[in-house]
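A.B. asks:
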Amino acid sequence: MASAPPSVAFLPGNPSSAGSSSKHRLVTNRSLGCRSERASATVAMAKRSEEERDFSASSAASEEIVTNSLDDLATELELKRKEPSISTILTSFDNSFDPYGALSTPLYQTATFRQPSATEYGTYDYTRSGNPTRDVLQGLMAKLEKADQAFCFTSGMAALAAVTHLLETGQEIVAGEDIYGGSDRLLSQVVPKKGIIVNRVDTSDLCKVEYAIGRSTKLVWLESPTNPRQQIADIRKISEIAHSYGALVLVDNSIMSPVLCRPLELGADIVMHSATKFIAGHSDLMAGILAVKGESLAREIAFLQNAEGAGLAPFDCWLCLRGIKTMALRVEKQQANAQKLAEYLSTHPRVKKVNYAGLPGHLARDLHYSQAKGAGSVLSFLTGSLALSKHIVETTEYFNVTVSFGSVKSLISLPCFMSHASIPASVREARGLTEDLVRISVGIEDVEDLIADLDYAFRTGPA
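Just so we're aligned, residue 1 is where the sequence shown starts under UniProt numbering, counting upward by one.
1. Out of Ala-364, Asn-400 and Ala-342, which has the shortest C-alpha to C-alpha gap to Ser-283?
2. Assess contact between the region 173-183 and the region 306-314, defined as three or more Cβ pairs (one per stretch) separated by less than 8 Å. Is contact present?
3. State the DSSP-derived secondary structure class of Asp-234, mapped to helix, strand or coil.
4. Helix, strand or coil: which one does DSSP assign to Ile-270?
5. Decide if residue 465 is buried, meaning its Cβ has at least 16 other Cβ atoms within 10 Å, or exposed.
6. Tell me which same chain residues have a C-beta within less than 7 Å of the C-beta of Ile-213, skipping the five on either side of it?
7. Could you check the C-alpha separation between Val-354 and Leu-367 for me, to the nearest Å?
8. Hey, could you find the ends of the alpha helix (DSSP H) Ala-430 is sitting in?
9. Using a Cβ distance threshold of 8 Å, determine whether the region 338-353 contacts the region 435-450, with at least three qualifying pairs required.
10. Do Pro-228 and His-420 have their C-beta atoms within less than 9 Å of each other?
11. Where does Val-403 fall in DSSP's three states?
12. Between Ser-216 and the ligand NAD, is the CB less than 8 Å from at least one heavy atom?
13. May I have a chain-ordered list of the alpha helix (DSSP H) segments no shorter than 4 residues that lie completely inside the region 288-370?
14. Considering only DSSP beta bridges, list what Asn-253 is partnered with.
15. Out of curiosity, what's the CA-to-CA distance linking Ser-96 and Gly-432?
16. Between the Cα of Ile-392 and those of Arg-365, Ala-372, Leu-363 and Gly-461, spot the shortest distance and give me the residue it belongs to.
17. Can you say whether Tyr-356 is buried or exposed, counting buried as having 16 or more other CB atoms within 10 angstroms of its CB?
18. For the beta strand (DSSP E) that contains Arg-200, what are its first and last residues?
19. Quick check: Gly-139 and Ser-274, are their CB atoms within less than 9 Å of each other?
20. From the DSSP output, in three-state form, read off Gln-109 for me.
21. Please confirm whether Pro-106 and Thr-133 have their CB atoms less than 9 Å apart.
22. In whole angstroms, give me the CA-to-CA distance for Gly-309 and Ala-161.
23. Using the DSSP secondary-structure output, state which residues sit across from Ala-150 in a beta bridge.
24. So if DSSP puts Arg-439 in a beta bridge, which residue, or which two residues, is it bridged to?
25. Excluding the 5 residues preceding and the 5 following Ala-328 in the sequence, name in chain order all residues of the same chain whose CB lies nearer than 7 Å to its CB.
26. Return helix, strand or coil for Ile-444, following the three-state DSSP convention.
27. With a Cβ-Cβ cutoff of 9 Å, do Ser-410 and Val-442 count as a contact?
28. State the start and end residues of the unbroken alpha helix (DSSP H) segment that holds Thr-133.
29. Could you work out which residue in Ile-196, Gly-358, Gln-149 and Lys-194 is closest to Gly-294 when comparing CA atoms only?
30. Take Ala-375 as the anchor and find which of Ala-302, Lys-218 and Ile-255 has the nearest alpha-carbon.
31. Considering only the alpha carbon of each residue, which of Ala-302, Asp-436 and Thr-396 lies closest to Arg-459?
32. Counting only the same chain and skipping the five closest in sequence on each side, list residues whose C-beta sits under 6 Å from that of Arg-439.
33. Going by beta carbon distance, what residues of the same chain come within less than 8 Å of Phe-153, once the five residues before and after it are set aside?
34. Whose CA, out of Ile-423, Ile-444, Glu-265 and Tyr-344, lies closest to the CA of Lys-143?
35. Going by Cα to Cα distance, which pick from Arg-299, Lys-80 and Leu-137 is closest to residue 470?
36. Which of the three DSSP states is assigned to Ser-239 in this structure?
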């Protein structure tokens, strides 16, 4: 008779086990024991595998957490691209709109643009309202001034006139006394005809400014340093005072350029540049720029620019873009020359006074350097004699007798007879603007040549 299956051979009371040998029972028991051990081992291995899988999953999760944490930390530590300096920004403006990848911004010399259909407008329609070349310049100026938007006008005066159109009859402008002659003419002879009140004050005296600003004030108009006497206004504090009354602050930053001062960062709302000066730099165009903070204000300026047809022509924008690339280099050289020239003049026996914020003796030098990186390249001096001053202006060889400033060429003038001639003589005298005052805009020439040129004029001048 066949033996019972091993699984039941050893069970007590099973009659079929009677014929089974002890050896068979031993083998069967050993087999069962091995199987049991193998089963236990398999279970243990399975358990260990499961634990290892759990550990691996846990490790992977931990590794992911650590990686994410490091990424977050990197973000927190701002491990990003370094913010470019102004010299780099000036050569890296955006031409991405150009389909051909032109390195130099193309000149879109056109009055109008073809539209996609009879009922649709393209990106541009009419150059008075917008032009790609102008947009590049405006975008660059907004970036330089850290403004929400910038606008290019046909001249600095056109830009300033647009700002005055933000005001209504009965509202007030508080403006500095020592400002550019063209600005003075606008504020004294044009703006009042609209019923706008213009209150002139010494903006270097904070107490006088604070006293002048009131509930009807809607605009505070500053230059710092002033032209031509180099007075300094505290832009930060004046902005705080003006804003407490709901007034806007405009800073004519032409004499500094964005290289040396950014008034929007000091609290101003509008910055104006005569781009004719340092921005273009070569005395070959006229342009004005407004850079503004706030979308609402930007919309108002955009409307005025378009409505009044004051947008800068494409060719002038293109010239300005060409010149602006070297602005930082030019300003640095011009300022270094001006510092040496001012130091020379300050020790000259025939000079009564030098107006230049870079000199240690300037009363507001510390204030100026708290809001600007340098003193610029425009200075003025007094000789005490109109005859001597006139001789100096007319005798110098490398200084060009002309209005304006910011050119690569050195310029010289008597402001009372040129840039500020529109101001009545009695008013000029009351403001300390005397006829013997000489203004110099220092260029990029060799400064030793400039000093020698002035020295010759002094030595040959009337006693």
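By construction, the Cβ of each residue, glycine as well, lies at the ideal position given by its N, Cα and C atoms. These figures come from a predicted structure and were not determined experimentally.
C.D. replies: Let's see:
1. Asn-400
2. Taking 8 Å as the limit for Cβ pairs, the verdict is that the region 306-314 does not touch the region 173-183.
3. coil
4. strand
5. For residue 465 there is no data in the structure shown, the boundaries of the chain being 1 and 463.
6. Val-174, Val-220, Ile-241, Ala-242, Tyr-245 and Ala-247
7. Put simply, the backbone Cα of Val-354 is about 18 Å away from that of Leu-367.
8. 425-430
9. yes
10. Yes; because the gap between Cβ atoms is below 9 Å, this pair is in contact.
11. coil
12. Among the ligands in the structure shown, none appear at all, so the ligand NAD cannot be discussed.
13. If you keep only unbroken alpha helix (DSSP H) runs of at least 4 residues inside the region 288-370, you get 295-307, 314-324 and 327-346.
14. Under DSSP, Asn-253 takes part in no beta bridge, so it has no partner.
15. 51 Å
16. Gly-461
17. The residue in question, Tyr-356, is buried, as its Cβ has 16 or more Cβ neighbours within 10 Å.
18. 197-201
19. no
20. coil
21. yes
22. 12 Å
23. Per DSSP, the beta-bridge partners of Ala-150 are Ala-291.
24. Answer by DSSP bridge pairing, in chain order: Ser-380 and Ser-413.
25. Ile-86, Ser-87, Leu-90 and Val-259
26. In the structure shown, Ile-444 sits in coil (DSSP, three-state: anything other than H, G, I, E or B).
27. yes
28. 132-145 is the extent of the alpha helix (DSSP H) around Thr-133.
29. Gln-149
30. Ile-255
31. Thr-396
32. Pro-228, Ser-380, Ser-413 and Pro-415
33. Ala-159, Ala-162, Ala-287, Gly-288, Ile-289, Leu-290, Gln-305, Ala-310, Gly-311 and Leu-312
34. Nearest to Lys-143 by C-alpha distance, out of Ile-423, Ile-444, Glu-265 and Tyr-344, is Glu-265.
35. Missing from the structure shown is residue 470; the chain here goes from 1 to 463 and no further.
36. helix
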